[in-house]
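**Q** Following numbering that gives the first Met the number 0, the numbering of the sequence shown begins with 0 at its first residue and continues without gaps. Backbone N, C-alpha and C define an ideal beta-carbon position, used for all residues, glycine too. Just so you know, these numbers come straight off a predicted model, no measurement behind them.
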Amino acid sequence: MSKVVLKLILVGQGGVGKTSLVKRYIDDSFTKTYQMTLGQELYSKEIKFHDIRCVLNIHDLAGQERFSKFRQIYLRRADLGFLVFDITSQVSLKDLETNWLSEIEQTILEQFTSKSQTFPVILVGNKIDLKASHNSVNQNEVNNLKRRIKTKYPQIKLISYIETSALENKNVDEAFTELVKDYLRIKKD
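1) What first and last residue would you give for the alpha helix (DSSP H) that runs through K114?
2) At the level of alpha carbons, what is the spacing between L5 and L100?
3) Inspect the beta-carbon positions of L60 and S43 and report whether they are closer than 8 Å.
4) When we look at the beta-carbon of A174 and count the other beta-carbons within 10 Å, is it buried (16 or more) or exposed?
5) So, are the CB atoms of T86 and I121 less than 8 Å apart?
6) Taking one C-beta from the segment 75-91 and one from the segment 10-21 each time, how about it: are there three or more such pairs within less than 8 Å?
7) Check the C-beta distance from S159 over to E177 and give it rounded, since I have them as a contact under 8 Å.
8) According to the neighbour-count rule (16 or more other Cβ atoms, all chains shown, within 10 Å of its Cβ), is I185 buried or exposed?
The following block contains the structure:
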C-alpha cells in the first residue's frame, strides 16, 4: 500500500467555522463556544482510499486580519484547500475573494514551475443549520464567485461547492473526502 502525505489548508474569515469543521472531521466533536485560532492549528488524520494510505495534515489558519503577516508561512507548500465562508454572512464570502484568493495566488501558485499545475480547492458554505433563520448567501452569489475564480485564477481548480454544518455534522466528511479523492485522481492522471 502506497502512502501519501498531504497538506490541506482551511482558509476564511474568523468565525466561519473552520475549526469546528476540522474538529468534527477529526474526532466527531463540536464546541459551541467560539475560540479564536491564534496563527494556525495543526491536525492530522489518516485515511485510506483503495490502495493508498493518505496522511492528511490539516492546517486551520486564523482568519483575523492581525494574523495576515504569518499566512504566507502557513500557506507555503499546501497541496489542497478549503475556502470556507459562513452561509449567513455575505461579508465572509466576499472576504474569500478580496483576501484569501490573492494570498493563495501570491504564495502557493507562485511556487508552481508549470502553468499546467493546479491547486485543488473546495468552496464550503458552512453553518447551513442557520440558513432558515438568517439572511443567507444566495446561490447566485456563490455561482458568481465560482465563475470569477475560474476566470481570474485558472490554476486554482475549484472541485465543487458544498454546504456543511459542523454543528449537525452535515456533509463534513463528504467535503474532506471529495477534495482528497479528486486530488488523488488528478495526481494519478
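**A** A quick look at the data gives this:
1) In the sequence shown, the residue the question calls residue 114 occupies position 115. K114 -> no alpha helix (DSSP H), and no H or E assigned at all.
2) Indexing the sequence shown from 1 puts residue 5 at position 6. Indexing the sequence shown from 1 puts residue 100 at position 101. Each residue's Cα considered, the two are about 20 Å apart.
3) Counting from one through the sequence shown, the residue named residue 60 turns up at place 61. Counting from one through the sequence shown, the residue named residue 43 turns up at place 44. The answer is no: Cβ separation not under 8 Å.
4) Taking the sequence shown and counting its residues from 1, the one referred to as residue 174 is at position 175. Buried, since its Cβ has 16 or more Cβ neighbours within 10 Å.
5) For the purposes of this step, residue 86 is taken as the residue at position 87 of the sequence shown. For the purposes of this step, residue 121 is taken as the residue at position 122 of the sequence shown. Correcting the residue type first, residue 86 is Ile in the shown sequence and not Thr. Contact: no.
6) yes
7) As a position in the sequence shown, residue 159 is number 160, starting the count at 1. As a position in the sequence shown, residue 177 is number 178, starting the count at 1. Yes, they are in contact, since the Cβ atoms of S159 and E177 sit about 6 Å apart, within 8 Å.
8) As a working note, residue 185 is residue 186 in the sequence shown. Result: exposed.
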